[in-house]
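Protein chains: 2
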Amino acid sequence: MRHDIPADAQTVVIVGAGFGGLEAAKALASAPVRVVVLDRQNHHCFQPLLYQVATATLSPADVAWPIRGILRRQTNAQVLMARVTGIDPQARMVHADTLSLRYDHLVLATGATHSYFGRDDWAGVAPGLKRIEDATAIRQRLLVAFERAELSDDPDTVRRLTTFVVVGGGATGVEMAGAIAEVARETLHRDFRRIDPRRSRVVLVEAGPRLLPALPEDLSAYALGSLRRMGVEVLLDTRVTGCDAHGVSLAGSERIEAGSIVWAAGVVASPAGAWLGASTDRARRLEVDEHLRVPGFDDVYAIGDTAAARDGEGRPVPGIAPAAKQMGRHVGRLIAARASGSTPPGPFRYRHHGDLATIGRRAAVVRIGRFRLKGFPGWLFWSLAHVYFLIGLRNRLMVAFTWAWNYLTLQRGARLITVEAGLGGDAAEERPTFPARPAGSAPPPPR
Amino acid sequence: MRHDIPADAQTVVIVGAGFGGLEAAKALASAPVRVVVLDRQNHHCFQPLLYQVATATLSPADVAWPIRGILRRQTNAQVLMARVTGIDPQARMVHADTLSLRYDHLVLATGATHSYFGRDDWAGVAPGLKRIEDATAIRQRLLVAFERAELSDDPDTVRRLTTFVVVGGGATGVEMAGAIAEVARETLHRDFRRIDPRRSRVVLVEAGPRLLPALPEDLSAYALGSLRRMGVEVLLDTRVTGCDAHGVSLAGSERIEAGSIVWAAGVVASPAGAWLGASTDRARRLEVDEHLRVPGFDDVYAIGDTAAARDGEGRPVPGIAPAAKQMGRHVGRLIAARASGSTPPGPFRYRHHGDLATIGRRAAVVRIGRFRLKGFPGWLFWSLAHVYFLIGLRNRLMVAFTWAWNYLTLQRGARLITVEAGLGGDAAEERPTFPARPAGSAPPPPR
Chain A
8 MRHDIPADAQ TVVIVGAGFG GLEAAKALAS APVRVVVLDR QNHHCFQPLL
58 YQVATATLSP ADVAWPIRGI LRRQTNAQVL MARVTGIDPQ ARMVHADTLS
108 LRYDHLVLAT GATHSYFGRD DWAGVAPGLK RIEDATAIRQ RLLVAFERAE
158 LSDDPDTVRR LTTFVVVGGG ATGVEMAGAI AEVARETLHR DFRRIDPRRS
208 RVVLVEAGPR LLPALPEDLS AYALGSLRRM GVEVLLDTRV TGCDAHGVSL
258 AGSERIEAGS IVWAAGVVAS PAGAWLGAST DRARRLEVDE HLRVPGFDDV
308 YAIGDTAAAR DGEGRPVPGI APAAKQMGRH VGRLIAARAS GSTPPGPFRY
358 RHHGDLATIG RRAAVVRIGR FRLKGFPGWL FWSLAHVYFL IGLRNRLMVA
408 FTWAWNYLTL QRGARLITVE AGLGGDAAEE RPTFPARPAG SAPPPPR
Chain B
8 MRHDIPADAQ TVVIVGAGFG GLEAAKALAS APVRVVVLDR QNHHCFQPLL
58 YQVATATLSP ADVAWPIRGI LRRQTNAQVL MARVTGIDPQ ARMVHADTLS
108 LRYDHLVLAT GATHSYFGRD DWAGVAPGLK RIEDATAIRQ RLLVAFERAE
158 LSDDPDTVRR LTTFVVVGGG ATGVEMAGAI AEVARETLHR DFRRIDPRRS
208 RVVLVEAGPR LLPALPEDLS AYALGSLRRM GVEVLLDTRV TGCDAHGVSL
258 AGSERIEAGS IVWAAGVVAS PAGAWLGAST DRARRLEVDE HLRVPGFDDV
308 YAIGDTAAAR DGEGRPVPGI APAAKQMGRH VGRLIAARAS GSTPPGPFRY
358 RHHGDLATIG RRAAVVRIGR FRLKGFPGWL FWSLAHVYFL IGLRNRLMVA
408 FTWAWNYLTL QRGARLITVE AGLGGDAAEE RPTFPARPAG SAPPPPR
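Line by line, the protein sequences give chains A and B. Position 250 (the first sequence) corresponds to 257 in the working numbering; numbering is contiguous. Position 31 (the second sequence) corresponds to 38 in the working numbering; numbering is contiguous.
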């Protein structure tokens, strides 16, 4: 610890080391306070690139960094790996599974999780994409689907296993659908002998009238066209009414038999509001004032996806990484000012820099103010921006190298299945005998 | 599939895509046969570098490659992910969980697993290091041990959690012990505030009189000295009599309280011998003749760690990667000659090229014939050799870059814990309250 932290220094507890929490911690680096960062994981996860771990392009370590490593030089900061279970605001205590901690200032930055619109039973068959474990689980599901299809003699089973459904047409859904289509059509197609991965089916289901609703309509239309050119089936104005181990049911009684479903619809905040007993909105986000303080609680702040923040004009602040970082920085500066007795900053003002989404390897949509890019120039810009915002020179070099290599060779290097054959799988699948054909007959055509 | 494989081509089934199995498959690339490679995993694992995944230096994807990707261009080869459960040599059938397969030639290349000398109950608390999952499990255990120590108020708990025992003084044990000591003393020591990782205790236990028994005595002595200089306690002539969740018991009633135990002693072959009902040696390896055929079975071969092979002078062939590759190549050429009717090669002759082992980042021992290297020159040679033998240019570049970066910055980038707080852990551990000291008193000294 720094030797010159005053003995009576206040303790700032930050729950969550995502984009918001880390910025808050860093903004307190010079303040005369003790900073304690709690997270239930040991790493910070760069969520915008999780879909690339899920589709076997990047490795987990490319998009995650140990929180301790990030804050190691910040001598007034301490990192503890713990899962918060509750808060006692009167006693100013945070309770976690392995410790209890008294705070002078509390910053809640616990992010968001997936909402299944009341159907939490779907979560087991339709995983979301918020953490590293989600990404590796989806990756495994995708790769195992092709392996099992290769072993199968039943055309219906093969068709189901090579059908992938993505639910939700926002940026995450668009990116996942495009990446799965690329993996199937370009990376894997020469790896298999009995199946033809190019005949996989990728379906993107969106309940609203267009994709990427946060972007202007012409960019939505561009994304739609790009996905369709990649062979993705896009179903708009279509709601999902059921998810099970064999596929999805859609409103209007249509059913798609699918071996893999990825959930990219419906985001809801973490239960920080329940810990406080404070008022939250429909998405469980904490109501905050213009300084991101939680009304009615002394010295409690909420930032990022956990907070229902509004910009200067009363519009909701979007749940994207740059917004979380701006909120973290604001709260950090505010607490620093209060602790050192200097002038606090004015109310929080959100500055929207722009929107980015990528569709496969060659197309992206970029909007910054009036500046727009599409196609390959968009993808290049998107890549540079993401590499820039990664943490650490080493990861920037690794990810840039990986993308350049993949782009040039169409390979995807991170195709690890870490579960062995024989675990999971349907009892209903037939057990083929090889060779099904007698010696001397032709090999079966690709299916 | 190649269109010019004769319709009556023989089927070669290779079980296991490790070093031996892959070389056998590649040696059959031009033969008029159909090659089917079965493996229960989808990837080939570069075992010599697993200890670097286990100590958070490399990522799993750096040392593993999809088998399909490796064999994609070999048009007479097909890869199926399946777990073999038995063999019917009379019917010439291989039975697996998801398929049955008729063979004309069968190559068993299923490798080795760990032996606990009859105490298989130790496997849960003292994992070995043969597969990617082993490495990530050990990595998790090591990193979580430091996290839990950071949270603990009890000095005995801290001491136990930061004590690491490695059982077995062969190359794997020496490499693990050196790497753990490096991680604790160099990489992590500024990441923690309440504990001092430099005060971790790393103990290497070897039942015999010296380390690296396969190498000459002066190199054993050098390894011993290097490890001790790194702070590793080396106990020779010491047998382990018990392993449990809190430590190890040694012959002579000594006990070491330890939070993590890694098993690098005792190797035994996979159960391929049991599948065949053939005779095996004490380590469960299949007896083979001078052509690596299993006596008494038509057209069944065994290679690598699964086989009790002998070199031209009757000495046992060591269980190392180059030996497995030589055996795989021999069997591939033998089968190719038989299938095409050409002159078969002579008996298998093992050529021992040399020995390598590394101790931490700056020291290694190398022996090639009369040529010896130690220290940093040995490490450089060791690094170049391992990079050379990796599969694929991309992985060679990534690993070389990672090692160069780590060497220069002392960082280890792959420090991911993929399990969240609150899962696992002892009920017996105290639950500390922070701050244990009242406001105004000094922070506790590092423990």
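Idealized CB from N, CA, C, for every residue including glycine.
Proximity test, residue i beta-carbon vs the ligand HEM heavy atom, cut-off 8 Å
i     : result
B/G27 : Looking at this structure, you won't find the ligand HEM or any other ligand, since it has none at all.
Among the options, nearest to residue i - alpha-carbon criterion
i      : options                           : result
A/A221 : A/L363, A/A36 and A/V42           : A/L363
B/R169 : B/D141, B/P204 and B/V274         : Note on identity: in this sequence residue 169 of chain B is Thr, with Arg being the wrong assignment. Comparing Cα-Cα distances from B/T169 to each of B/D141, B/P204 and B/V274, the minimum goes to B/P204.
A/P96  : A/V295, A/V212 and A/R109         : A/R109
A/T409 : A/H50, A/S66 and A/Q17            : A/S66
B/L243 : B/S207, B/W282, B/G180 and B/P302 : B/G180
B/P278 : B/E297, B/D312 and B/R262         : B/D312
A/A84  : A/L29, A/A61 and A/T120           : A/L29
A/A272 : A/E294, A/T287 and A/T245         : A/T245
B/Y308 : B/A290, B/A16 and B/R340          : B/R340
A/Q59  : A/E213, A/A184 and A/W270         : A/A184
A/R99  : A/T62, A/L400, A/V19 and A/L218   : A/V19
B/S207 : B/S233, B/L231, B/E240 and B/V295 : B/E240
A/L57  : A/A119, A/E140, A/G118 and A/G76  : A/E140
A/Y357 : A/R379, A/I327, A/K381 and A/T82  : A/I327
B/V274 : B/V42, B/F355, B/H121 and B/L404  : B/H121
B/L78  : A/H50, A/R197 and A/A314          : A/R197
A/P323 : A/R336, A/A346, A/L299 and A/I342 : A/L299
Reduced DSSP secondary structure (H/G/I, E/B, other) of residue i
i      : result
B/M183 : helix
B/D127 : helix
B/S107 : strand
A/H393 : helix
A/I310 : coil
B/I145 : helix
B/F378 : strand
A/D69  : helix
B/R322 : coil
A/V19  : strand
A/E140 : helix
A/V44  : strand
A/D161 : coil
B/V132 : coil
B/E213 : coil
A/G432 : Interpretation of A/G432 is limited by its pLDDT of 38, a score under 50 that renders its predicted location unreliable; the figure taken from the coordinates is listed afterwards. The answer is coil: DSSP assigns A/G432 none of H, G, I, E or B.
B/Q54  : helix
A/M405 : helix
A/A371 : strand
B/D288 : coil
A/A331 : helix
In DSSP terms, what residue i is bridged to
i      : result
B/H337 : DSSP, once it has assigned bridges, lists no residue as partnering B/H337.
A/T170 : A/R208
A/E294 : A/A315
A/D95  : A/M100
A/R300 : A/Y308
B/D251 : B/G254
B/R262 : B/S256
B/V460 : This structure cannot settle anything about residue 460 of chain B, because the visible part of chain B is limited to 8 through 454.
B/A364 : B/V372
Chain-ordered chain B contacts of residue i [CB-CB under 7 Å]
i      : result
A/E154 : N49 and M88
A/Q85  : R200
Listed by chain order, chain B residues near residue i by CB distance under 8 Å
i      : result
A/W410 : What A/W410 touches in chain B: nothing, since even the nearest Cβ is about 12 Å away.
A/R345 : None at all; the shortest Cβ gap to chain B is about 17 Å.
Residue i: contacting residues in chain A (beta-carbon distance under 7 Å)
i      : result
B/L149 : Ordered by position in chain A, no residue passes the 7 Å Cβ test against B/L149, which lies about 12 Å from the chain.
B/R5   : One cannot answer for residue 5 of chain B here, as it falls past the ends of chain B, which runs 8 to 454.
Partners in chain A for residue i, counting only beta-carbon separations shorter than 9 Å
i     : result
B/S66 : S66, P67, A68, D69 and A421
B/P99 : Contrary to the premise, residue 99 of chain B reads as Arg rather than Pro in this sequence. Going along chain A, no residue has its Cβ under 9 Å from B/R99, so there is no contact; the nearest lies around 12 Å.
Cross-chain neighbours of residue i in chain B, by beta carbon under 9 Å
i      : result
A/R206 : The premise fails here: A/R206 is roughly 17 Å from chain B at the closest Cβ pair, so nothing lies under 9 Å.
A/R192 : By Cβ distance, chain B contributes nothing, its closest Cβ being about 15 Å from A/R192, past 9 Å.
Per-residue contacts from residue i into chain A (C-beta, under 8 Å)
i      : result
B/R289 : Correct list: empty, because the minimum Cβ distance to chain A is about 27 Å.
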